[in-house]
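Chains as they are written, first to last, in our numbering: chain A, 11 to 779; chain B, 7 to 195. Note that the Cβ used here is the ideal one computed from N, Cα and C, for glycine as well. Structure first, commentary second.
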Amino acid sequence: MAFSLRKSHPARSWSGALELANRLKTRIVGAAVPRKEGVDKLMGRACYIDDMVREGMWHGATVRSGIPRGLIRSITFDSRIDWSEFAIVTAADIPGENCIQLIVADQPCLADGKVNHCEEAILLLAHPDKHKLRDAVGAVKVEYEPLPAIFTIEESEQQDVIVWGADNLLKTFLLEKGDVDSAWARAAHIVEGEYRTGAQEHLYIENQGMIAEYSAKSGVTVWGSLQCPYYVFKALRPVFDLPEDKIRVIQTETGGAFGGKEDYPSIIACHAALLAMKSGHPVKMVYDRMEDLAATTKRHPSRVRHRTALDRDGKLLAMEIDLATDGGAYATLSSTVLSRATLHSTGPYLCPNIRVRATSWATNHIPYGAFRGFGAPQAIFAMERHMDEIAAALAIDPAELRHRNFLHVGDTNATEQEMREPVILDQLLDRGLKESDYHAKRAQYARENPASRVKRGMGIAAFYHGSGFTGSGEVYLNSLAGIDVTPEGKVRVLASNTEFGQGTNTVLTQVAAESLGIDYAAISMASPDTGIVPNSGPTVASRTSMVVGRIIERACSQLLALLREHARLGATYTQKEFLAACESYRAAHGEVVSLCRYEAPPGIVWDDQKYHGEAYGAYAWAVYVAQVAVDTVTYSAEVEDFWAVQEVGRVIHPVMAAGQVEGGIAQGIGYALYEKVVWQDGRMANNQMTNYIMPTAQDVPPIHVYFEQIPFRYGGFGAKGIGELPHDGPAPAILNAIRDATGVAFNAIPLLPEDLYAGLAATEEMAAR
Amino acid sequence: MNKGKRTTPSERCPAISFKVNGETRIVKAPPMKRLLDVLREDLHLTGTKEGCGEGECGSCSVRMNGELVNSCLVPVLQVEGADIQTVEGLTLHGELHPLQKAFLEHGGAQCGICTPGMLMAAAQLLEQNPHPGIVQIREALAGNLCRCTGFIRIFEAVAAAIASDDGRPATGPNTEQTRHAQEQTHHAR
C-alpha cells in the first residue's frame with residue numbers, strides 16, 4: 011500500500027488555495043491516532059445492546075406472517091400456553107398511527123387485516139423469561155385467505171396482479187441529456203446488453219436489537235443498535251402520538267450496519283416500545299441470526315438494460331438505459347436508492363446524449379432497504395460490465411476504451427453537472443494498470459490460458475460515487491452539529507452521527523482536535539442520545555467526514571473566535587490556556603457551546619423534477635483492478651489479487667481509510683461470487699450463516715490500496731466520502747476479469763460455480779456445433 | 007431481574023465448577039445451558055458475543071483447556087472442571103495483551119463485535135505456533151467471520167503482535183515485508 015499526497019493540485023478550480031494549504035498543515039488529521047473506542051472493544055467491555063440489562067426487564071418476540079400475501083381471517087391462541095404471563099400487542103394497541111414513518115407512510119407497524127410479505131409483523135409478545143417466547147410464538151395461529159403474490163420485477167411490471175398502489179410502481183425517474191433518438195443513425199457501432207444483480211444481506215455480525223422503556227411521565231426511551239437516532243425518533247413519535255420531549259433514542263455500541271441499521275431499527279424500536287408500554291416493564295428485543303436474516307432488509311435486486319451508440323473511434327455517442335429494481339412489499343427507501351442508481355448508471359464517462367428510465371417495482375418480498383452504495387453498485391455493475399462488452403465488440407482494449415471516454419474537468423455528466431473540481435481518472439487508471447502490471451499479465455494469460463486448466467484474467471472497473479445526500483438533500487437535512495465544553499472541563503463533539511465500525515468517533519474527534527489546537531485525547535464524543543446531541547443528519551451516504559466534519563470544523567473556528575473576543579484567548583495558546591479561556595467565558599456568558607448549521611457549497615443548483623444540475627456536492631473517484639483465476643474443472647473463481655486506486659479527497663485517518671476500502675472490497679467480492687439469497691415463495695430459504703456464504707479469512711486476496719489525495723475545499727479538512735465507494739467496483743472488475751479469462755460474458759451476479767459451469771458448458775456446446 | 011426464576015429455579019440445577027480466567031467459579035445452571043449464556047448471563051462476562059448461535063461465525067470463541075471452542079455449541083455440563091479463558095482474561099494486570107495492542111494500532115477492530123472471538127482465535131494460534139506465516143494465520147482465523155475489515159488489517163495485526171512479542175520492533179501497518187510475505191504465500195496456496 012502506498013499513499014501519495016499531491017502537494018499542489020490544479021489551481022484552475024480553486025480560489026482559496028492558500029486557505030486550503032494552511033488547512034493541510036495538520037498534526038492530528040492525517041495521522042493514525044488510536045480508535046476512540048478501540049480499547050473498550052478490544053477488552054470486551056464495549057456495551058452492545060445484548061450486553062445491556064435493565065431492572066425488571068422482559069423479553070420480546072414477533073409473530074410474523076408465514077405467507078407472502080393474504081387477508082388475516084383469525085388469530086387464535088393455543089390453550090397449552092398460560093397467556094396471562096405474557097404481554098400481547100396487536101395493531102389495536104397502537105396509541106397513534108399504525109405506520110413506520112419513512113419517505114412514504116405505507117408500511118404498517120403491525121399488520122392490520124392483511125399481510126404483504128412473509129415476515130410481516132402481526133403480533134408481539136413479551137415475557138420475563140426469554141426461553142418461553144419461542145414456544146409461545148409457535149402457539150399463535152393465524153388463519154389467512156391467501157391472495158396471489160408476485161416475486162419478480164417482470165411479474166410486477168406485467169401488472170396482472172397489483173400488490174402496491176394502482177400500478178405496482180414504487181417510483182420512476184426519467185433522466186435526459188441531449189437527443190438520444192437522433193444519435194443511432196450516426197453510430198458506427200451499437201452495443202446492447204442486459205445485466206442483473208441479486209439481493210445481498212448485510213450480515214453485520216451483531217444482530218439487530220433494542221431495549222425500550224415506557225412511563226407516562228417520561229414517555230418512550232429506546233436504546234439500540236442503529237445508525238440514525240433521529241430516524242428512530244421520528245418513527246416513534248406518530249406511533250405513540252407523543253411530543254418531542256417524550257421520546258428519547260440512544261444508540262448503543264453497534265456491531266456493524268452497512269445500511270442495514272438505517273431504516274429497519276425504526277420497526278424494532280416501535281415494537282419494543284409498544285411491548286414496554288403494554289407490559290409495564292423494560293423490554294429487550296434482540297433478533298437471533300435466523301430471524302435477522304429472514305426479516306430485515308437487503309440490497310435491491312436489479313435488472314439494467316443498456317443500448318449504446320459509439321462513433322468510429324470508440325467514443326460514446328448515446329446511452330439508453332432501462333434500470334429496474336425489485337423494491338419489495340413497501341416503499342421504504344426504494345425511491346432514494348433508485349435515485350442514486352439512476353445518477354450512477356452512466357459511469358464516469360462523457361456522453362452527449364443520454365436517456366435513463368428508472369423504475370422500482372413492488373413485489374411480495376420483504377422490503378429492500380439501504381445497503382452500502384445504495385443503488386450505485388447495481389448500476390455500476392451494469393455500466394462497467396457493459397463497457398467491457400463494448401470493448402470486445404469494437405476490439406479495443408478495455409482500459410483504452412475507458413481512457414477515450416473519461417470525464418475531465420469542464421465536462422458535464424448525465425445531469426449536466428459541470429465537473430468543477432479536479433477529475434484525475436486517467437491518472438487513477440494508469441496507476442492501477444501499472445501497479446497491477448495489467449498489460450503484461452493480460453498478454454501472459456492470453457498465451458498460457460489455452461493450454462491451462464486454470465484460466466486467468468484481468469478486469470477493470472472505473473467509477474465515481476457521489477458523496478452526501480443527492481441534490482438538495484443536504485439543504486433539506488439542515489444538519490446542526492458542534493462542540494461544547496462541560497462545567498467539568500470536558501470538551502465534547504456534539505453530533506448525532508454514530509459509530510458502527512467505520513470510524514465516526516475517531517474522525518470527528520480528529521477534526522475537532524485539529525481545529526481547536528488541543529490534544530486528540532482531550533476530546534470525547536457526546537453520547538449519541540437525542541436527549542443530548544443535535545440532529546446532524548443520518549449516518550449514511552458517505553456524508554459524515556465530508557459534511558458533518560466540515561460543520562464541526564466551522565463550529566470549532568467559531569468557538570475560538572468567541573474565546574478570542576470575549577475570553578482573551580491569545581493567537582497561540584496551550585491546552586491549559588484554552589480550557590482556562592473556556593472557564594472565563596462560562597463565568598461571564600454561561601455555557602460554552604458552539605453549533606453550526608450545514609452550508610451548501612456555492613453553485614449547487616438541482617432540479618428535482620428534471621433530474622438536472624448538481625447531483626452531488628462532490629464525487630469520489632476510483633479505478634479497481636482484479637486478477638481472477640477460473641478453474642475449469644471445479645468451476646470455482648478465485649480473486650487472486652486486487653488493486654484499488656482512489657481519490658477521496660483528504661484522507662483523515664490512513665489506517666481506517668484503508669480499512670474501509672479493504673472491508674468494502676471483501677463485501678464486494680462476496681456480492682460477486684459468494685452471496686446468494688435463495689428465495690422460496692417470497693421467503694429467504696438460506697437464512698443461516700451455514701448456507702448464506704460470505705468471504706472468510708481464507709477467501710480474501712491481497713488488497714493493494716492507493717489514495718491520491720486532492721483535498722475538497724468544502725469537506726471536513728478536505729475529506730470527501732469514502733465508506734460506500736469500495737463496494738461499487740469489485741463485482742464488475744471481477745466479472746470483467748472472468749470475461750478476460752474465459753471469453754464468456756457473464757452478466758449476472760452472484761456468479762456461483764454452478765453458474766460458471768452452465769455458462770462455460772453452453773459456450774463449449776456452441777463451439778462444438 | 008427475575009430472569010429464569012419461573013421455569014428453572016437455579017437452586018434445583020446441579021452446581022458446575024470450572025475455572026474462568028484463572029478463577030474458580032461455581033454456577034447452578036441447567037446442564038444443557040450454553041456456555042455462552044452462562045458466561046454472559048450468570049457470570050456477567052459479556053465480552054463473549056453471540057453472532058449466529060450455530061458455530062459458524064466464531065464471535066463466541068473462547069479457549070477451553072487450551073482448545074478454541076464456539077461457546078454457543080458447548081453445553082455447560084461439559085465444562086465441569088475445565089479451564090476457560092475469555093477475552094476478559096487476555097489482559098494481564100490491566101495491561102493490554104500484545105495482540106490487543108496490535109489490533110488497536112493496525113486497525114484490526116472496526117465495529118468490534120467479532121473482535122473478542124478473533125482475539126481468542128489469534129491467541130490460540132500464537133500459543134500453538136509462535137511463528138505462524140500468513141497461510142497459518144489465514145487458516146487459524148478462517149472460523150471467525152469479520153464483515154468490516156476484509157481481514158487484511160487483522161492479518162497485519164497478528165503479524166505485528168508476533169514481531170513485538172519476540173522483542174523485535176513491531177512492523178508498521180504497511181511494511182513491504184508483511185505485504186510481500188502475504189503475497190508470496192497467497193500465490194503459493
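Residues of chain B with a Cβ closer than 8 Å to the Cβ of ILE675(A) are, in chain order, GLY156. For MET556(A), the number of other beta carbons within 10 angstroms of its own is at least 16, and it is reported as buried. Partner residues in the beta bridge of GLY623(A), as assigned by DSSP, are TRP616(A). Take the alpha-carbon of LYS39(B) and the one of ASP48(B): they are about 11 Å apart.
GLY467(A) is bridged by DSSP to VAL638(A). Proximity of the region 49-63 of chain A to the region 102-118 of chain A falls short of the contact definition, fewer than three beta-carbon pairs being nearer than 8 Å. Of the candidates PHE243(A), SER276(A), ILE215(A) and GLY547(A), ILE215(A) places its Cα closest to the Cα of GLU263(A).
Between VAL242(A) and SER276(A), the alpha-carbon positions lie close to 5 Å from each other. Your pair ILE662(A) and GLN520(A) checks out as a contact, with CB atoms roughly 6 Å apart and the cut at 8 Å. By alpha-carbon distance to ILE158(B), the top candidate from ASP651(A), ASN696(A), PHE722(A) and ALA771(A) is ASP651(A).
Per the DSSP secondary-structure output, VAL293(A) pairs in a beta bridge with TRP68(A) and ALA222(A).
At a C-beta separation below 8 Å, GLU29(B) has no neighbours in chain A, since its nearest C-beta there lies roughly 16 Å away. Below 8 Å, enough C-beta pairs join the region 130-148 of chain A and the region 72-81 of chain A to call them touching: three or more.
Restricting attention to beta strand (DSSP E) runs no shorter than 3 residues, the region 14-53 of chain B encloses them at 21-26 and 29-34, ordered along the chain. DSSP places PHE161(B) within a helical segment (H, G or I) once states are collapsed to three.
By the neighbour-count definition (other C-beta atoms within 10 Å, threshold 16), HIS449(A) is an exposed residue. Take the alpha-carbon of ALA372(A) and the one of HIS576(A): they are about 59 Å apart. Contact between the region 49-66 of chain B and the region 141-154 of chain B is present: three or more C-beta pairs spanning the two stretches fall below 8 Å.
Contacts with chain B (Cβ-Cβ distance below 7 Å) from the region 627-643 of chain A involve no residue at all. When rounded, the separation of the alpha-carbon atoms in PRO253(A) and ARG247(A) is 7 Å. Closest in alpha carbon position to ALA632(A), among ARG452(A), ASP332(A) and ARG412(A), is ARG412(A).
Contact note: GLU145(B) reaches chain A through ALA707 and GLN708, using a C-beta cutoff of 9 Å and chain order. Neighbourhood of ARG40(B) in chain A, by CB distance below 8 Å: empty, with the nearest CB roughly 11 Å away. Taking CB atoms only, LYS25(B) has no neighbour in chain A less than 9 Å away.
About 13 Å separates the beta carbons of LEU96(B) and LEU74(B), which is beyond the 8 Å limit, so they are not a contact pair. For TYR224(A), the CB contacts under 7 Å within the same chain, skipping 5 residues up- and downstream, are VAL230, ALA283, ALA286 and MET287 in chain order. When rounded, the separation of the alpha-carbon atoms in GLN117(A) and TYR297(A) is 20 Å. At a C-beta separation below 8 Å, PRO122(B) has these neighbours in chain A: GLY54. Within the region 724-757 of chain A, no residue has a Cβ lying closer than 7 Å to any Cβ of chain B. Out of ASP273(A), LEU326(A) and HIS316(A), the CA that lies nearest to the CA of ALA198(A) is found in LEU326(A). Note on geometry: alpha-carbon atoms of ALA654(A) and ASN374(A) lie some 38 Å from one another. Not a single C-beta of chain B is nearer than 9 Å to the C-beta of LYS151(A). Distances from the alpha-carbon of ILE376(A) to those of ILE160(A), VAL249(A) and GLU563(A) put ILE160(A) closest. LEU404(A) sits close to VAL201(A), with the two beta carbons spaced by under 9 Å. In this structure, ARG365(A) sits near LEU184(A), with a CB-CB distance shorter than 9 Å.
About 5 Å separates the CB atoms of ASP738(A) and PRO387(A); that is less than 8 Å, so the two are in contact.
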